[in-house]
Amino acid sequence: MSGRARSRSPRPMNGSEIARLVLTREQARLAKDWAQADEIRSQLGEAGVQLFDKTHQWKCSDGRGGRIPSFDEVEAGVQIDALEAPEKLSQEMRADAPAVDEIKQLITQREHARGSKDFEQADQIRSQLQEMGVELLDKEKLWKCASKGLQGIITGFRNNELSDVEVSTLVVQREKARMANDYELSDMIRDELKSRGVTIEDKRKIWTCTDGRQGPVPSWAQITGEAPPPPRAAIPVAAVSLRSLEDELVSLAVAAARHPDTAQRALLALRQVFSGSAPIGMSAPAMRPSMRPKVPYMARSM
1 MSGRARSRSP RPMNGSEIAR LVLTREQARL AKDWAQADEI RSQLGEAGVQ
51 LFDKTHQWKC SDGRGGRIPS FDEVEAGVQI DALEAPEKLS QEMRADAPAV
101 DEIKQLITQR EHARGSKDFE QADQIRSQLQ EMGVELLDKE KLWKCASKGL
151 QGIITGFRNN ELSDVEVSTL VVQREKARMA NDYELSDMIR DELKSRGVTI
201 EDKRKIWTCT DGRQGPVPSW AQITGEAPPP PRAAIPVAAV SLRSLEDELV
251 SLAVAAARHP DTAQRALLAL RQVFSGSAPI GMSAPAMRPS MRPKVPYMAR
301 SM
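Residue numbers (UniProt numbering): 1 to 302.
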């Protein structure tokens with residue numbers, strides 16, 4: 001052994017070597033070979049590479065970084081070159097961080113404008129984003145900037161709260177990305193939704209929100225129309241009561257319009273239902289049967 005003290009500095013690894021070890025570790029984890037997985041983690045740690053399994057990212061002490069493949073990717077036979085993140089690319093990604101923040105801010109402002117029907121401002125922001133090289137895919141709820149290799153989701157129509165339409169659309173887009181083996185896009189959608197309080201449970205085929213909402217994750221056959229769409233999520237009791245009240249109010253309003261001679265009486269019943277002084281379902285039957293509008297079953301059950 002040399003008399004010279006051994007350097008404590010981590011031995012640098014190139015991007016290919018890191019990607020190979022990261023992939024091998026995920027293969028070991030998938031096979032439940034925890035001993036090999038831990039050994040590789042230690043080997044990477046000695047080289048200054050930290051693994052963040054929850055966010056599917058790895059970071060090196062010299063500033064480089066990359067992603068950890070999902071088990072779906074491993075099973076699909078993802079290649080090492082798809083996981084490499086050379087230092088130059090990592091630096092470019094860090095340099096693009098301010099641009100990403102600006103794009104997200106503009107997209108949120110545009111959605112706020114659309115939500116408040118300020119279409120002039122929304123169009124101005126769209127033009128500004130187009131000048132930055134950003135393509136907006138409103139139907140898919142996605143944005144892309146091909147020149148910088150950036151992409152993200154479009155939300156904000158209801159301010160800080162994700163609507164059911166936004167969540168459901170993004171869940172479908174994630175499933176399409178997974179079927180196309182575009183794991184970068186599918187992971188991005190999953191992580192963005194999670195940061196906004198929405199968790200996708202692939203095994204149970206549902207998504208859940210921190211505010212109690214939930215919905216189905218459709219299968220590929222359902223997305224392509226080869227199978228019936230998934231059943232709608234159960235409506236909370238409070239929502240059912242609200243729907244019943246809404247139906248009652250509509251019934252009273254229509255009855256008053258059809259029979260002007262009894263409009264005063266119907267208006268009184270309407271006020272009682274609205275104020276809560278009369279139970280739902282008790283005011284309308286007090287009128288003549290001919291006054292009650294016929295509402296199709298499907299319309300009432302929507």
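We treat Cβ as the ideally placed atom computed from N, Cα and C, and that holds for glycine. Please read all numbers here as calculations on a predicted model, not as lab measurements.
Worksheet entry | Neighbourhood of S61 by C-beta distance below 6 Å, restricted to the same chain and skipping five residues each side | Excluding sequence neighbours, S61 sits near G48.
Practice prompt. Check the DSSP bridge columns for I153 and list the partner residues they point to.
Written response: L142
Discussion item. Please report the straight-line C-alpha distance between V172 and L185, rounded to a whole angstrom.
Written reply: 12 Å
Worksheet item: Of the residues A28, I154, A37, which one's Cα is nearest the Cα of V74?
Response: Out of A28, I154, A37, A28 has the C-alpha closest to the C-alpha of V74.
Discussion item. Using the Cβ count rule (16 or more neighbours within 10 Å means buried), how would you classify F157?
Written reply: Buried, by the Cβ-count rule.
Fill in: Spatial distance of D38 from L51 (CA atoms)
11 Å
Discussion item. Let me make sure I understand the geometry here. Which of Q130, S116, K117 has the alpha-carbon closest to that of L106?
Written reply: Measuring from the Cα of L106, the nearest candidate turns out to be Q130.
Worksheet item: Can you tell which of D72, E17, R41 has the C-alpha that lies nearest to the C-alpha of D187?
Response: D72
Worksheet item: Where V217 and A180 are concerned, what is the direct C-alpha to C-alpha distance, given to the nearest angstrom?
Response: 17 Å
Worksheet entry | Simplified DSSP assignment, three categories, for K148 | coil
Worksheet item: Relative to the alpha-carbon of D101, which residue among C145, S163, V78, R114 has its alpha-carbon at the smallest distance?
Response: C145
Worksheet item: Anyone know if the C-beta pair for T55 and I40 falls short of 8 Å?
Response: no
Worksheet item: Just the Cα atoms here: how many angstroms apart are E46 and H112?
Response: 48 Å
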